[in-house]
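Each protein sequence line maps, in turn, to chains A and B. What the first sequence shows, in this note's numbering, is residues 1 to 384, in sequence order. What the second sequence shows, in this note's numbering, is residues 385 to 712, in sequence order. Backbone N, C-alpha and C define an ideal beta-carbon position, used for all residues, glycine too. This structure is a prediction, so every number in the text was calculated from the model and none was measured. Reading through the structure tokens given below for one structure.
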Amino acid sequence: MLKYIANRLLQIVVTLFIFFALTYFILDAQPGDITLQYVNNPKFTKEQREALRRRLGLDKPAYVRFFQWMGNTLRGDLGESYQYRKPVMDVLLERAPRTIFLFLTATLIEFFVGYWLGRVLAWQRGTGLEYGITVVGAFFYTVFTPWFALMMIYLFGFTLKWFPIGKFLDVNLWRTAPKGLTANQIFINLLVTMTLLAVALVVVYYLTRRMNPYRASLIRWSALIGGAAIAVGYWAASPVAKYAGDILYHMALPIIVLTLINFSGTMLLTRTTMLETLREDYIMAARAKGLPERVVRDKHAARNAVLPVFTSLIISLPFILGGGIITETVFSWEGLGLTLLTASTTGDIPLVMGSFLFIGTLALLAHLVADVAYAFLDPRIRYA
Amino acid sequence: MAEKPLLSVRNLTMIYKTRKGPVSAIDDVSFDLKRGESLGLVGESGCGKTSVAMALLRLLPDNAQITGGQILLDGTDLTQLSEDEMQHVRWKRISMVFQAAMNALDPVYKVGDQIIEAIERHERDIDPAEARRRVEALFKLVGIDPKMADRYPHEFSGGMRQRAIIAMALACNPDLIIADEPTTALDVIVQDQVLRELRQVQKQMGMSMIYISHDIAVIAEVAERIAIMYAGRLCELADAVEIFKRPRHPYTVALMSAFPSIVGEKRPLVALGGEPPDLLFPPPGCRFHPRCPRALDICKQQQPPFEDIGGGHYLACWNPAPMVEVQS
């Protein structure tokens, strides 16, 4: 196992290098550079623009700049963003938690809802309920995301005024915030809370896996509800409750939209794999053993059907980080996606490369973690 | 009156509803099974053997429907039980050794845990250590290293899996085991070992067994009585020796002559011409008549009754083969 992981890490390094080289040269192939934004500024002469290009090193050939970037990156220096005049690292550290918290929460909810519904669909095969949910699922699966997101904002944000229209916090509220409190601290603490909760739930799941399914299910649900209650209680009692609440309130609509758009993929996949598993002989054997239908469904059928669903979740991880561009744009959520978009359209090469470094590394590491976790989910898989 | 049978199937009739119409899969099947007795059920593929097994456990697909008859287990009619009551009959009273042992074990759970699952289902208050000890004893009984209980199904060979499935079927000490072609997937040597072990364990523990196979040679090894099934109906049922020595139904005779004998005289094998009927439109009268060399006019019109012709030899035929000893 250790050897396998070491091997994979080496592969990741090679993959990342190819990935960076490709993105760098594609980026460079775009016409124009950052200095073009001053072309209509009468105070900026042509000579001054040339001087700026020289100072930024844009006069050197692309491969020289690439290796320079590579060398600096290896030394831990990601350079300075042209637009923000700040180190790229600072920009990323500011933007990443927002994106990760939003999309991780949305993905977990989406996966959970999709898996749960898919299971029900397969079990209710041929009923009106199945047709109904499948049609609704197909609608959300195929709907044009920006249109749907805008419609949701129009309906719930503008007309009904249930949710704020954009951004991740209310500026007026945050003016009164105590000195030194930043939104990022809240984001990071929320992330830590969520991670702790997730780890606790995995531990509970693992400990109850051999128990009588009814008892296991009861313990798992109470752990989920209890854990969530403790987390909510902790945050409600903390002095920054008002500000955390504000952020969560702003997150609600994007999460609802993301869940609605993505749950049906998981749901339809779970339904299909579940229907396949239901034809397996071990399902017949489980029934023949006199097990109640719910145990046959949850302990045997769903447990085997989760394997491909889990794979699809992992494959979707990098898309979660990258594909968030549309969502972040529509909701003016200033996270990684939006940063990457503006950076690449303005030619802010260091910031683009920094974002890709972050997204690429995270995606590849997520794949590795997933592969290792898969070995625990499916005993037939062994890494030698 | 002889001792009361453990299982008494009375005029069992079952159809599969399909888009083209009802398929008559089991038609008017009756037989008794005494405690400790082993019955072989023989017939070609698609004749309804497995449907009978599934009907006994009430594990039929959604489109199947039992339209008539009774399945009496110690006097209780299983066709009348609720799904909930039926769950307590499954495995506790009637267990099953599956056809496809390769796939009858769930790949993501340890084999031992899957057996413990069955034990705990039917004996709620059993101590986990006690259940565990029973699994180890069962593994020893069927000839697997008890340590294998902590392994996953994919770590078992084909023969070991089949033995594990047998161990699982014995776990709750049922009154009746249904073995549905349990050895078809195994090579001949392992097949023979598994058969012997199954038969030995069944005798030792005093359980009844229904052994289903298309292979009459296999049946001969394990069954005391043999029932021959054709196109959803029983055509002959008698003691194993009787069936082999004095078959009366033309179909049974045809089956016997289609198998080579090692010890007997050399004789040409006779293959039965034609194909089994389409059960969507079963032939009127005796279902075997289109292929029967002895068919009379009455066979095309009237279904022959399934009756005792003496000494517990049941037969459904208007024109049975003469009583000649067939050498085998």
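For residue 216 of chain A, the closest Cβ of chain B is not nearer than 8 Å. In the DSSP assignment, residue 207 of chain A falls within the unbroken alpha helix (DSSP H) covering 183-207. Measuring C-alpha to C-alpha distances from residue 330 of chain A to each of A:365, A:44, A:375, A:258 identifies A:258 as the nearest. Note that the C-beta distance between residue 563 of chain B and residue 282 of chain A is not below 8 Å. Counting only Cβ-Cβ distances below 7 Å, residue 489 of chain B has contacts in chain A at 282, in chain order. Check the Cα spacing between residue 156 of chain A and each of A:298, A:253, A:246: the tightest is with A:253. DSSP places residue 25 of chain A in the helix class (H, G or I) of the three-state scheme. In the DSSP assignment, residue 449 of chain B is bridged to B:399.
For residue 593 of chain B, the closest Cβ of chain A is not nearer than 8 Å.
Secondary structure at residue 463 of chain B: helix, using DSSP grouped into helix, strand and coil. Distance between residue 673 of chain B and residue 633 of chain B, taken at the CA atoms: about 11 Å.
Taking 8 Å as the threshold, the shortest C-beta distance from residue 291 of chain A to chain B falls below it. By the Cβ criterion, the segment 399-408 of chain B is in contact with the segment 436-449 of chain B, since at least three pairs of Cβ atoms, one from each stretch, lie closer than 8 Å. In the DSSP assignment, residue 443 of chain B falls outside any alpha helix (DSSP H) and carries neither an H nor an E. The segment 56-76 of chain A and the segment 373-380 of chain A do not touch, with fewer than three beta-carbon pairs separated by less than 8 Å. Chain order gives no chain B residues near residue 298 of chain A, where near means a beta carbon separation below 9 Å; the closest approach is about 13 Å. The Cβ-Cβ distance between residue 267 of chain A and residue 137 of chain A falls below 8 Å. Among the residues of the segment 260-289 of chain A, those with a Cβ less than 9 Å away from any Cβ of chain B are 280, 281, 282, 283, 284, 285, 286, 287, 288, 289, in the order of the chain. The alpha carbon of residue 299 of chain A has as its nearest neighbour, out of A:38, A:23, A:205, A:4, the alpha carbon of A:205.
Cα atoms of residue 495 of chain B and residue 547 of chain B: separation of roughly 11 Å, rounded to the nearest angstrom.
Within chain B, the C-beta atoms nearer than 8 Å to that of residue 378 of chain A come from 491, 492, in chain order.
One alpha carbon belongs to residue 279 of chain A, the other to residue 305 of chain A, and they sit about 12 Å apart. Residues of the segment 200-213 of chain A with a C-beta atom less than 8 Å from some C-beta of chain B are 210, 212, listed in chain order.
Against residue 536 of chain B, the close residues of chain A are 379, 380, in the order they occur along the chain (beta-carbon pairs closer than 9 Å).
In the three-state DSSP reduction, residue 415 of chain B falls in the strand class (E or B). Secondary structure remark: continuous beta strand (DSSP E) runs of at least 3 residues inside the segment 472-552 of chain B, in chain order: 478-481. Scanning chain A for C-beta atoms nearer than 7 Å to the C-beta of residue 692 of chain B yields nothing, as the closest lies near 33 Å away.
Residue state for residue 698 of chain B is assigned as strand, using DSSP reduced to three classes. With contacts defined as CB atoms closer than 8 Å, residue 416 of chain B and residue 397 of chain B fail to qualify as a contacting pair.
With a cut-off of 8 Å on Cβ pairs, the segment 341-358 of chain A is in contact with the segment 21-39 of chain A, counting three or more such pairs. Against chain B, the beta carbon of residue 294 of chain A has no neighbour under 8 Å; the closest one sits roughly 11 Å away. Secondary structure in the segment 240-324 of chain A: no beta strand (DSSP E) run of 3 residues or longer lies completely within the stretch. Listed in chain order, the positions of the segment 427-452 of chain B with a beta carbon within less than 7 Å of a beta carbon of chain A are 441, 443. Measuring C-alpha to C-alpha distances from residue 657 of chain B to each of B:500, B:642, B:421 identifies B:642 as the nearest. Taking a beta-carbon distance threshold of 8 Å, residue 398 of chain B does not count as an interface residue toward chain A.
Between the alpha carbons of residue 118 of chain A and residue 269 of chain A lies a distance of about 7 Å.
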